[in-house]
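Q: Note that the numbering used here has the sequence shown beginning at 1, numbered continuously upward. Glycine included, C-beta positions come from ideal geometry on N, C-alpha and C.
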Amino acid sequence: MGSYIIKYKANEDFVIGVHDQAVGAPIVLRKRHAALRYIVWDIDLAAGSIRLHASDRLALAPSGNAIREARLYLQFYDAANPNQQWEFGENPGPIYSLVNRNLCIDNNNSRQQEGNPIWLYPENGTVAQKWQHVPLSGLRATDLEVEVAG
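Right, here's the structure in full:
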């Protein structure tokens, strides 16, 4: 397992993140200079888990028990829950649901704006589904500059 940011390949100024470290917080597109507690993920490629680094009890998952086209949220991590298991394709590339490989993580309508919803959507090969998981150890200091609230 390692700590990563997940960059949006269409515009690397954006990453997958959240606005809150709480169960039920929606997964959204964030500026890459957001506070690290909202944009750093612990990814276990062997287990397929994507957990918020600031609170490894919280994992990226669709709401409910069914794997279908749906918004993604932070849920309590359960290693036995297949809805919280992901398969990484090429890097950069899609991140697939392990339960239904026809679905992958998608930037809703390809909108490049802070807070845009991230959801599960049928794979279609568009840039909205291309992500690059970058280990923190591979980033430059300028990649991690964080905006300071004034």
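1. Please list, in chain order, all residues of the same chain as Leu98 whose beta carbon is under 7 Å from its beta carbon, the five residues on each side excluded.
2. Evaluate Asn107 with the Cβ neighbour count: other Cβ atoms within 10 Å of its Cβ, from every protein chain shown; 16 or more gives buried, anything less gives exposed.
3. Alpha carbons only, please: which of Ala34, Asn109, Leu103 and Tyr121 is nearest the one belonging to Ile16?
4. Is His19 helix, strand or coil when you go by DSSP?
5. Compare the beta carbon distance of Val134 and Tyr4 with 7 Å and say whether it is the shorter of the two.
6. With 16 as the cutoff for other CB atoms within 10 Å, does Phe76 come out buried or exposed?
7. Is Gln75 helix, strand or coil by DSSP?
8. Expressed to the nearest angstrom, what Euclidean distance is found between the alpha-carbon atoms of Gly93 and Leu52?
9. Rounding to the nearest angstrom, what Cα-Cα distance links Gln151 and Arg30 in this structure?
10. Please work out which residues of its chain come closer than 7 Å, Cβ to Cβ, to Lys9, disregarding the five sequence neighbours upstream and downstream, and give them in chain order.
11. In whole angstroms, what is the alpha-carbon distance linking Glu123 and Ala70?
12. Going residue by residue through the stretch 47–104, where are the continuous beta strand (DSSP E) segments of at least 3 residues, counting only ones entirely within it?
A: From the atom records:
1. Gly48, Pro82, Gln85, Trp86 and Glu87
2. buried
3. Ala34
4. coil
5. yes
6. exposed
7. strand
8. 20 Å
9. Because residue 151 is not part of the residues shown, which for the chain are 1 to 150, the question remains open.
10. Pro92, Val127, Lys130, Trp131 and Gln132
11. 13 Å
12. 49–52, 58–62, 70–76, 86–88 and 95–97
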